[in-house]
Structures are given as structure tokens and as C-alpha cells.
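I have placed the structure first, in the form of C-alpha cells, so that the comments after it can refer back to it.
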Amino acid sequence: MLVDKEKCCACRVCVQTCPKQAISVIFDKYGFERVSINEEKCVKCGICESVCPIINPKKNEGKRQCGSAYSKDQRIKYSCSSGGLFGVFAKKIIDENGVVYGAAFDENLHLKTTRAENFEQLKRLYKSKYLLCDTTGVFRQIKSDLVSGKNVLYCSTPCQLNALKNYLQKEYENLLCVEFVCHGVGGQKQFDDSISYVEQKKKIKIMDFGFREKFSKASSHYYYYYYYKDLRTGKEKLHRDIYMTFPYYFAYCDRLTCRESCYSCIYATENRVGDITIGDFHNIGKYEPGIDRFAGVSMFACNTDKGQKFFESVKDNLFVKEYDWLVIKSNNRFDGIEEPPKKRDRYLEMIAAGEYIQCVQTFFAYWKDWRFYYYHMPKVLRTLGNKLLRK
Ligand SMILES: Cc1cc2nc3c(=O)[nH]c(=O)nc-3n(C[C@H](O)[C@H](O)[C@H](O)COP(=O)(O)OP(=O)(O)OC[C@H]3O[C@@H](n4cnc5c(N)ncnc54)[C@H](O)[C@@H]3O)c2cc1C
Numbered sequence: 002m003l004v005d006k007e008k009c010c011a012c013r014v015c016v017q018t019c020p021k022q023a024i025s026v027i028f029d030k031y032g033f034e035r036v037s038i039n040e041e042k043c044v045k046c047g048i049c050e051s052v053c054p055i056i057n058p059k060k061n062e063g064k065r066q067c068g069s070a071y072s073k074d075q076r077i078k079y080s081c082s083s084g085g086l087f088g089v090f091a092k093k094i095i096d097e098n099g100v101v102y103g104a105a106f107d108e109n110l111h112l113k114t115t116r117a118e119n120f121e122q123l124k125r126l127y128k129s130k131y132l133l134c135d136t137t138g139v140f141r142q143i144k145s146d147l148v149s150g151k152n153v154l155y156c157s158t159p160c161q162l163n164a165l166k167n168y169l170q171k172e173y174e175n176l177l178c179v180e181f182v183c184h185g186v187g188g189q190k191q192f193d194d195s196i197s198y199v200e201q202k203k204k205i206k207i208m209d210f211g212f213r214e215k216f217s218k219a220s221s222h223y224y225y226y227y228y229y230k231d232l233r234t235g236k237e238k239l240h241r242d243i244y245m246t247f248p249y250y251f252a253y254c255d256r257l258t259c260r261e262s263c264y265s266c267i268y269a270t271e272n273r274v275g276d277i278t279i280g281d282f283h284n285i286g287k288y289e290p291g292i293d294r295f296a297g298v299s300m301f302a303c304n305t306d307k308g309q310k311f312f313e314s315v316k317d318n319l320f321v322k323e324y325d326w327l328v329i330k331s332n333n334r335f336d337g338i339e340e341p342p343k344k345r346d347r348y349l350e351m352i353a354a355g356e357y358i359q360c361v362q363t364f365f366a367y368w369k370d371w372r373f374y375y376y377h378m379p380k381v382l383r384t385l386g387n388k389l390l391r392k
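In the working numbering, the protein residues as written are 2 to 392.
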């Protein structure tokens, strides 16, 4: 065992560095990715331990500038999940012939760290995907881009960024690390099971999926979308709905699906791994009343001089307002351990027993949940209701 399975974040850096190819990733009965070591091949050289981001975290101390920001370019803002900071950063890198790495679904809806060197390729990287991203083979590719002198932007979870840093073993001036504030990831297999469940129930084939759809009706809460083929008519269509109607997304938002390592994340702290940290500015309404936070307002924090310098270089493309770190801190998860919900054990046991339909009926019966009706109310009624409740 490298690290306890409860602590492993499945970043796969050990798989990518093992000189004997003794390490692989398998799915456990709950649908989580687990590292497996072939004892016959293992020579106990310890390289895997030296690169493990859980054993060797590398965080930056202190903060430079932080605050709220969003893209002035509406197309970028609406292509991204939040204020479009990732889109603005990525544009600058690609405009200057650099390359960008982020998470994209492949044709089988398998989430993989993916390279983009032009705007067409970049499109698939936009937006949050709330499951573990597979980094297989990517750290070597990033190193080769860095060594060839290309400017590289890598945007990911803090644990995966740290994994890359440990893999590289040295600082590269041409690497910009951007992390998002992360409250955890679920397993690919859990997501796949949910896709299959919906496909069978509706007799469709889902071809593309997005977790964060921005459209006017979505101003109440998170909406997802998928493109699908109707297997009865052969027609291709778009479906979008509130998060609760897709089992995996409901489980994610109710905090049931995350890996154990996410509930006790060693990176959910004030000192950060990335040169720049980005996230949703959840409480922006408190400081800038009237602003539409669902259209996208991000928080940012520059954690290194490199991050600050880069941020200055793109500032003209953003609406920026500086806030004290304490304001930013109060708005998000920077304080470590979170208790998993009590019902998570039962949920996982049902998944392990293959009782997916019963599981949906027990935990994700959105039609019995008041939130479903609340989120579907017209915005005026919701606002009025909220005001009355606060009195
Ligand atoms: C799993 C997850 C949990 C998050 N939790 C929080 C939270 O608790 N609080 C908060 O404020 N913000 C959270 N975010 C971040 C938030 O949703 C936005 O992604 C962030 O604010 C950046 O928005 P953006 O508009 O600048 O760019 P976006 O369009 O959102 O770009 C996001 C970037 O992250 C990459 N990415 C997306 N999904 C993954 C993934 N699974 N693994 C690795 N890289 C990925 C994309 O490729 C892209 O580079 C989370 C995001 C994810 C993916």
C-alpha cells in the first residue's frame, strides 16, 4: 500500500512513474478508482511514494491579490461554469502559441485530462465536471511540452496539480498552475452507472453531457444538459434539467458520491498549490447586491509572484474587484475536514449490491423533494417567498 485507500486521491502519478509498471487503477465495488500494486513486479524502490501528493504536498504560502472577477467577453463567460477566468487565462496562452491542459469527456463520456492547442480543442475543456479526471499518460506529455519551451497552462484540482509538480521534480518558468477550489470528486463508474440508468429508462443514447448549463431559467440552481439520440425515432436532441433529476448529480450535490479522501482533503486549506486559485464567488450578493451570480462571478487568489504577474497580464479582459482574503475565505471551503452525510454508507452499500433502481427510489426521488418545486418556481415568487421567510 502506498497510502491508505481512504487517503488516496487517485491522481495516478504513481502509475505514471513506476519504473516496473507495477501499479494500475481498478474500480472497487462502490465505483471508486483504487490503486492496485502488483507485488510480483514491485521492487520496493519507493519512487511512487516520493511523487505521491498525499505523502508530499507542496503548497505556496501567503497571498498576493485576491477578489472577485469575471470575463468581459460574454461568450467566454457563458462557455465556462463560473466567471470564465479559466477561459480568459486559456485564451491568453493559446493566443501566444502555448498549450492548455484541462478535463474533457471523450466519446465514451470518460473524463480525461486533455491537451488543447487551439480554440476548437479548448471548447471541450470548459466547464466543471464533478467526477474524477483520468490523468493517464498526461504528466509525461506536459513535461515534454515544457521541455520544448512551450508555455503550458494546467488547470485542475489541487491534488492533481501537486501530483504534476511532484512528477516534474523541478520548477518550470513556462508552467502556470491554476487550481479550482474543490469540494470533491465522485468515481467515473458511478457516473457511468447513472448514464446507463437514464439511457435505459428513456430509451436514448447520451452523446455529450455538461454539468453547468447557463440559461435564463437556470438562475435558481445548477442545471445540467445532455445531447442524446432517441433510439425509437433516431432523432438527436438536447435535454436540460435541474441537477436533482440526474441521479449522479443529485448524489454529488447531496455530498454522497465523493471519495473518502475528499471529505478529509489535505488541500482544502488557505495555503494553496496553484499559482492562481479560482472558484465560485457564492456570497457575492452580500457584497454586490443585484449582481446575477448564476450568470457567473468567480473568486480568485494569486498565490505566487508568477500567478500575480500572469493575472496582471489578463486583467484588462476581466471585471475585477479586490477583496480582503478574509472575505474570500468565508465564501468557500478552505478549512479542511468535512463530515460525510450519515446516509452515505447506506447509499454505497446499495451501489455495491447493484441495486441502482432501488437506490434512485430511496435517495433520489426528486418528485418527493420540496427543493424540486422550489427551484421550479418563477424567480419573482421565489424571491418573495424568501423575503417572507426571513421576516
Ligand atoms: C469537481 C469540482 C469541484 C468544485 N468545487 C467547487 C467548490 O466547492 N467551490 C467553488 O467555489 N468552486 C468549485 N469548483 C470550481 C467551479 O465550479 C469553477 O470550475 C471555477 O470557479 C472556475 O470557473 P471558470 O468559469 O473560470 O472556468 P470553468 O469553465 O469552470 O473551467 C474549469 C476548469 O477546470 C477543469 N476541470 C473541470 N472539471 C475537472 C475535473 N473533474 N478535474 C480536473 N479538472 C477539471 C476544466 O477543464 C477547466 O480547465 C469545482 C469544480 C470542480 C470541477
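No residue lacks a Cβ here, since even glycine has one placed at the ideal position from N, Cα and C. If you're wondering where the values come from, they're calculated on a predicted model, not measured in any experiment.
- Remark: C-beta atoms of Leu112 and Leu132 approach each other more closely than 8 Å.
- Proximity of the beta carbon of Ile196 to ligand 1 is not indicated: no heavy atom of the ligand is located closer than 7 Å.
- For ligand 1, no non-hydrogen atom lies closer than 7 Å to the CB of Lys166.
- The Cβ atoms of Tyr227 and Ile243 lie no closer than 8 Å to each other.
- Here the C-alpha atom of Arg260 lies approximately 20 Å from the C-alpha atom of Glu50.
- Cβ contact annotation for Glu180 (same chain, cutoff 7 Å, sequence separation greater than five): Ser157, Thr158, Pro159, Leu162, Arg273, Val274, Gly275, Thr278, in chain order.
- Contact annotation: the segment 357-369 touches the segment 240-259, with at least three C-beta pairs closer than 8 Å.
- Of the residues assessed, Val381 falls on the exposed side of the cut-off, its CB having fewer than 16 other CB atoms within 10 angstroms.
- In this structure, Cys12 is the residue among Asn39, Cys178, Cys12 with its C-alpha nearest to the C-alpha of Val52.
- Sequence-distant partners of Val182 (beyond 5 residues in either direction) whose C-beta falls short of 7 Å from its own C-beta, in its chain, are Thr278, Gly280, Asn333, Arg334.
- Remark: the shortest separation between the CB of Ser265 and any heavy atom of ligand 1 does not fall under 7 Å.
- Taken atom to atom, the span from the alpha-carbon of Glu108 to that of Leu327 is near 42 Å.
- With a cutoff of 8 Å on beta-carbon distance, Asp255 and Phe106 are scored as not near each other.
- In this structure, the alpha-carbon of Met351 lies about 30 Å from that of Val16.
- Residue range 237-243 is occupied by the beta strand (DSSP E) that includes Glu237.
- In the same chain as Asp231, and ignoring 5 residues on each side of it, the C-beta atoms closer than 6 Å to its own belong to Ile205, in chain order.
- The Cβ atoms of Cys303 and Phe312 sit closer than 8 Å to each other.
- In this structure, Tyr127 has its CB closer than 7 Å to one or more heavy atoms of ligand 1.
- In the displayed model, Thr115 falls within a strand according to three-state DSSP.
- Beta-bridge annotation (DSSP): Thr278 is paired with Glu180, Ala302.
- The beta-carbon separation of Gln191 and Gly32, rounded to 4 Å, stays under the 8 Å limit for a contact.
- Relative to ligand 1, Tyr173 has its C-beta separated by 7 Å or more from all heavy atoms.
- By the CB criterion at 8 Å, Ala70 and Val321 fall inside the cutoff.
- Residue side-chain check: Ile24 keeps its Cβ at 7 Å or more from all non-hydrogen atoms of ligand 1.
- Look at Arg273 here: in three-state DSSP terms it is strand.
- Here Ile48 really is in contact with Cys19; their C-beta atoms are around 7 Å apart, less than 8 Å.
- Three or more pairs of CB atoms, one per stretch, sit closer than 8 Å, so the segment 115-123 contacts the segment 95-102.
- Relative to ligand 1, the beta carbon of Phe251 is positioned no closer than 7 Å to any heavy atom.
- The Cβ atoms of Leu257 and Pro342 sit closer than 8 Å to each other.
- With a cutoff of 8 Å on beta-carbon distance, Lys128 and Phe212 are scored as near each other.
- Val186 and Thr305 have their C-alpha atoms roughly 26 Å apart.
- At the C-beta level, Ser72 and Asn318 come within 8 Å of one another.
- Within the segment 58-86, the beta strand (DSSP E) runs of at least 3 residues that lie entirely inside it are, in chain order, 67-72.
- With contacts defined as CB atoms closer than 8 Å, Tyr198 and Leu176 fail to qualify as a contacting pair.
- When secondary structure is reduced to three states using DSSP, Lys42 falls in the coil class, being assigned neither helix nor strand.
- In the three-state DSSP reduction, Val4 falls in the coil class, being neither helix nor strand.
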